[in-house]
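Asker:
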Amino acid sequence: MALETSARPHVLSGEEIVALCRQYTLYEWTAQSTVDPIAVDHARGVYFYTPDGKRYIDFNSQLMSVN
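Here's what the structure looks like:
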């Protein structure tokens, strides 16, 4: 019996990722209702990219690494 492998996994949109973050993530040092998370698709070097391709410099990881 062969397994069916042609089904593609569901890819979440940026809006779905943000909604799940708001529902299941506890953010420290801020009022939970004021958080505006950014959906991240991937990262390369000092940059991370949103699902729509916008590039950001990841300053937050820099601060977490030296703290």
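For the sequence shown, the residue numbers in my numbering are 37 to 103.
Ideal placement from N, C-alpha and C gives every residue a C-beta, glycine not left out.
1) State the beta-bridge partners of alanine 43 as determined by DSSP.
2) For alanine 43, does the count of other Cβ atoms within 10 angstroms reach 16, so buried, or fall short, so exposed?
3) Given a cut-off of 8 Å on the beta-carbon distance, is the pair isoleucine 93 and tyrosine 85 in contact?
4) At the level of alpha carbons, what is the spacing between cysteine 36 and proline 73?
5) Could you pull out every unbroken beta strand (DSSP E) segment of at least 3 residues lying fully inside the region 39-101, listed in chain order?
Answerer: The structure says:
1) Position 7 of the sequence shown, counted from the start, is the residue given in the question as residue 43. BP columns for alanine 43 are empty, so no partner.
2) In the sequence shown, counting from the first residue as 1, residue 43 sits at position 7. Counting every other CB atom within 10 Å of its CB across the protein chains shown gives alanine 43 a total below 16, marking it as exposed.
3) Locating residue 93 in the sequence shown gives position 57, counting from the first residue. Locating residue 85 in the sequence shown gives position 49, counting from the first residue. No, they are not a contact pair.
4) In the structure as shown, the chain begins at 37 and stops at 103. Residue 36 is therefore absent and cannot be evaluated.
5) For the region 39-101, the continuous beta strand (DSSP E) assignments of 3+ residues that do not extend past its boundaries occur at 78-80, 83-85 and 91-93, in sequence order.
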